[in-house]
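Visitor: Got a structure for you, questions after.
Residue numbers (the numbering used here), protein chains in the order written: chain G, 10 to 120; chain R, 65 to 195.
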């Protein structure tokens with residue numbers, strides 16, 4: 010269970026979630042993104058291609074981050090959701106709240 | 065299978081893995097264990113630790129896994145005063161969509177075949193049927 014963080018050449022921050030995003034580690038993700046926001050980054054992609062599962066706390070932190078990033082004039086995209094995670098976003102209607110792409114590359118291209 | 069989990073949210077991931085990896089193969093598909101069971105159990109443990117036990121290090125969350133021929137049933141009990149599951153608002157309502165919290169019970173109900181509470185409301189039972 011870990012988070013990776015890198016910036017692409019146009020300054021988009023790409024956060025990778027490896028393992029799971031749940032109540033026990035959501036605060037770590039939140040802090041990493043908020044730190045990058047504080048440093049001036051405004052475009053974010055969270056890549057879930059290596060994520061096994063997300064609980065409601067994980068969903069909640071994504072909602073909270075989306076709001077904070079928007080308040081700062083930024084944009085957050087989610088990428089790489091497998092079929093089960095996509096279903097989770099659909100049943101919670103959070104697919105209407107987020108820009109979701111199949112891959113991180115598609116998310117980057119959409120900025 | 066029985067497990068006592070300390071009331072530390074950081075333990076949820078490990079507790080979920082311990083249960084999921086010790087289930088005998090066959091009753092549930094790998095996909096249902098990998099996603100449905102893990103997610104629902106993480107929800108139940110998180111709620112028990114945070115809301116039931118108030119993250120009090122002196123309190124324990126007790127997990128008991130019951131294995132049937134065609135079901136897996138997971139009981140999660142905390143030491144709290146209980147909870148009225150009927151009073152949880154619909155997290156998919158437009159007024160609630162941007163709330164950070166309030167989706168746990170909804171998610172559990174959609175990922176497992178049955179969710180039941182004990183009378184006091186400090187114990188939850190998640191049932192996943194074979195498949």
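Don't be surprised by glycine CBs; every beta carbon is placed ideally from N, CA and C. From a predicted model like this one, the values you see are computed outputs, not experimental measurements.
In chain order, what residues of the same chain lie with their CB nearer than 8 Å to the CB of residue 22 of chain G, ignoring the 5 residues before and after it?
Guide: 14, 15, 16, 42, 45, 50, 52, 53 and 54
Visitor: Name, going along the chain, the residues of the stretch 73–93 of chain G whose beta-carbon falls closer than 7 Å to a beta-carbon of chain R.
Guide: 73, 76 and 93
Visitor: Taking only beta carbons into account, state which residues of the stretch 81–108 of chain R come closer than 7 Å to chain G, listed in chain order.
Guide: 98, 99, 102, 103, 106 and 107
Visitor: Name the two residues that bound the continuous alpha helix (DSSP H) containing residue 112 of chain R.
Guide: Looking at the DSSP string, residue 112 of chain R is not in any alpha helix (DSSP H), and its letter there is neither H nor E.
Visitor: So what does residue 13 of chain G bridge to, in DSSP terms?
Guide: G:25
Visitor: Find the nearest neighbour of residue 34 of chain G within the set G:67, G:117 and G:110, judged by alpha-carbon distance.
Guide: G:67
Visitor: What residues in the stretch 22–35 of chain G bring their beta carbon closer than 8 Å to a beta carbon of chain R?
Guide: Only 28, 29, 31, 32, 33 and 34 from the stretch 22–35 of chain G bring a Cβ to less than 8 Å from some Cβ of chain R.
Visitor: How about the stretch 103–110 of chain R and the stretch 150–164 of chain R: do they share at least three Cβ pairs that are nearer than 8 Å?
Guide: Contact between the stretch 103–110 of chain R and the stretch 150–164 of chain R is absent, with fewer than three C-beta pairs closer than 8 Å.
Visitor: On the DSSP bridge assignment, give the partners of residue 127 of chain R in chain order.
Guide: R:67 and R:140
Visitor: Which residues of chain G have a Cβ atom closer than 8 Å to the Cβ of residue 77 of chain R, listed in chain order?
Guide: 10, 28, 29, 31, 33 and 34
Visitor: Using alpha carbons as the reference points, say which of G:18, G:77, G:26 and G:47 lies closest to residue 88 of chain G.
Guide: G:26
Visitor: Using a Cβ-Cβ cutoff of 8 Å, what residues of the stretch 44–59 of chain G are near chain R? List them in chain order.
Guide: none
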